[in-house]
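A.B. asks: One structure, pasted below without further comment.
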Amino acid sequence: MTAATLRIGAPGAARRRLPVPALSDPWLLGIALSVLALGLVMVASTSISVAARDTGIPLYYFQRQLVFAIAGFGCGWLATWVPLSFWERTGPLLLAGAFVLLVLVLVPGIGREVNGAQRWISLGFFRVQASEPARLLLLMYLAGYLVRYQESVRTEFRGFAKPMFVLAVSALLLLMQPDFGATVVMLTAALAMIFIGGVMLRHFAAVGVIVSLGMALLVWVSPYRLRRLLGFRDPWADPFDSGFQLTNSLIAIGRGEWFGVGLGNSVQKLFYLPHAHTDFLYAVYAEEFGLIGVALLLAAFFCLIWRALAAGRASARVGKLYGAYLAFGIGTWLGVQALINVGVNMGALPTKGLTLPLMSYGGASLLVTCFSIGLLLRIAHEAKQ
6 MTAATLRIGA
16 PGAARRRLPV
26 PALSDPWLLG
36 IALSVLALGL
46 VMVASTSISV
56 AARDTGIPLY
66 YFQRQLVFAI
76 AGFGCGWLAT
86 WVPLSFWERT
96 GPLLLAGAFV
106 LLVLVLVPGI
116 GREVNGAQRW
126 ISLGFFRVQA
136 SEPARLLLLM
146 YLAGYLVRYQ
156 ESVRTEFRGF
166 AKPMFVLAVS
176 ALLLLMQPDF
186 GATVVMLTAA
196 LAMIFIGGVM
206 LRHFAAVGVI
216 VSLGMALLVW
226 VSPYRLRRLL
236 GFRDPWADPF
246 DSGFQLTNSL
256 IAIGRGEWFG
266 VGLGNSVQKL
276 FYLPHAHTDF
286 LYAVYAEEFG
296 LIGVALLLAA
306 FFCLIWRALA
316 AGRASARVGK
326 LYGAYLAFGI
336 GTWLGVQALI
346 NVGVNMGALP
356 TKGLTLPLMS
366 YGGASLLVTC
376 FSIGLLLRIA
386 HEAKQ
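For this note's numbering, count along the sequence shown from 1 and bump the result up by 5.
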C-alpha cells in the first residue's frame, strides 16, 4: 500500500467520500434530468386527450413514460459504474447483438408492423424499436474498432473499408424495415466518429459522396419517400392529406407566439395534430411555451451536446481514446436526432419518425438515451481519474 492509498477508517486518517461517477459532470447530469422532467410534463400534457379516448385513462401514457423514466434512470446509474474497458473488450459481442436485433425485427411473427413499417419487437408489456439499442451498440463497437486499428484506419483504405462494410450492412437492414430516419442518424454519428479517428480525407470524401447519392436515389425511386419530400416543400398544397401533419404542426408553433398559450392549453393536441406525444411533441411545446420556452429548450440541448463533446475532448486529452470516440459518437447522435426532430416540426426537413431525445413518448428510446447519458458520465469520470 502506497502513501497515496486512501485508508478509510484508520486511526487519525482523514475521512472522505469515494467519488460517485454520476457526479463527475454535474452540468451534464443536471441538464439531462431537467430535460427528462420537462419531457414527462409534456407527455402528460400532449397525450391526455388521446389517452382518455383510447384507453379511458387520461394519464395512461404519462404513467408508462414515468415507469420508463425511472427504469432509464436506473440504467443510466448502472452505466456510470461499469468501466469502459468492459465495453471495449466486448465490442464484437455488442456488434453481434446489434445485428441480431436488426434481423429479428424482420422475422415474421417476431417483428411487429405499425403504420406500414416493421420496426418493433414485442416484449409483451411494451414494444422495442430495434434501431434504438442497435444504434448505440454499433457506436460502442465502432469506438473499440477505432482504438484497436487506429493506425490502419488512418493510413490504409482497408482499415477504413471494414467499418464501412459493417455500417453498410446495418443501413441495409434498417432500410428494409424501412427506417430512413434512423439510417441517417446512425450513419451521421458513425461517420463523425470515423472522421475524428483520423481517416484520410480523400477516402472520407469518396464515401460521403457515395452515401449522399445513395440516399438521394432511395428517395427518388421510392414513391412514398418522394411524396413526403414534395409534401414537405409545400404542405399547404394538400393540407388535408400529405401536408396534414406539417400544417397542424406549423399552426401550433405559430399560436405559441412569444410566451405561449400556457401549459395544458394547446388546441392542436386535441386530435388535430397526429402523434402529438411522440414525433410532434415539440410543436405542442412551442404552442404552450412560446418562443421564449423554445429558446430555453434549444439552449438546454445545446449544453447537453456541448458537455458530451467536452467529455470526449477531456478523455482524448488523457489518452483514453475509447471514451473519446464514444462520447463524440453519442453527442453527434443526440444532436443530429434533436436537430432533425425540431426541423421536421418546423417544416425545415421532410417528415421522419424520429423522437425528441429525453422528451418524446417511447420506452426504448428513453431507456437507451438514459443509458447513453450514463456512459457519458462514466467517460467524464474516467477522464478525471
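For every residue, glycine included, the Cβ atom is placed at its ideal position computed from N, Cα and C.
(1) Where does alanine 288 land, buried or exposed, given buried means 16+ other C-beta within 10 angstroms?
(2) What do you get for glutamate 137, buried or exposed, if any count of 16 or more other CB atoms within 10 angstroms of its CB means buried?
(3) Assign valine 119 to one of three DSSP states: helix, strand, or coil.
(4) When the Cα of leucine 381 is compared with those of Val347, Leu314, Arg207, which residue comes out closest?
(5) Measuring straight from C-alpha to C-alpha, what distance separates glycine 102 and methionine 220?
(6) Considering only their Cβ atoms, is the gap separating proline 355 from arginine 339 smaller than 7 angstroms?
(7) Have a look at Leu309, Ala148, Met181 and flag the residue whose alpha-carbon is nearest the alpha-carbon of valine 40.
(8) Taking the alpha carbon of alanine 329 as the point to measure from, which residue in Gly116, Pro183, Ser157, Lys389 has its own alpha carbon closest?
(9) Give me the Cα-Cα distance between valine 171 and leucine 147, rounded to the nearest whole angstrom.
(10) Go ahead and label aspartate 394 buried or exposed: buried means 16 or more other beta carbons lie within 10 angstroms of its beta carbon, across all protein chains shown.
(11) Which partner residues of proline 113 appear in the DSSP bridge assignment?
(12) Quick one: is isoleucine 13 buried, meaning 16 or more other Cβ sit within 10 Å of its Cβ, or exposed?
(13) Would you mind stating whether glycine 317 and glycine 265 have Cβ atoms separated by less than 7 angstroms?
(14) Between the Cα of glutamate 293 and the Cα atoms of Arg322, Phe306, Ala304, Ile256, which residue gives the shortest distance?
(15) Please classify isoleucine 62: does DSSP put it in a helix, a strand, or coil?
(16) Do you know whose CA, among Val133, Leu141, Arg383, Gly248, lies nearest leucine 100's CA?
(17) As a quick exercise: from Phe131, Gly61, Val25, Arg124, pick the residue whose alpha carbon is nearest that of tryptophan 82.
(18) Whose C-beta lies closer than 6 angstroms to the C-beta of glycine 295 among residues of the same chain, with five residues either side of it excluded?
(19) Quick one: residues in its chain with C-beta nearer than 6 angstroms to the C-beta of serine 271, no 5 flanking neighbours on either side, listed in chain order?
(20) So threonine 360 and threonine 283 are supposed to be a Cβ contact under 8 angstroms. How far apart are they, rounded?
C.D. replies: From the atom records:
(1) buried
(2) buried
(3) strand
(4) Leu314
(5) 26 angstroms
(6) Here residue 339 turns out to be leucine, not arginine, going by the sequence shown. No.
(7) Leu309
(8) Lys389
(9) Looking at the two C-alpha atoms, the distance is approximately 9 angstroms.
(10) Nothing can be reported for residue 394: it is not among the residues displayed for the chain, which extend from 6 to 390.
(11) Gly116
(12) Residue confidence is low: isoleucine 13 scores 33 on pLDDT, short of 50, so the model does not pin down where it sits. Its coordinate-derived value is still stated next. Isoleucine 13 should be labelled exposed.
(13) no
(14) Ile256
(15) coil
(16) Leu141
(17) Val25
(18) Here the set comprises Gly261, Glu262, Trp263, Phe264, Gly265.
(19) Val289, Glu292, Glu293
(20) 6 angstroms
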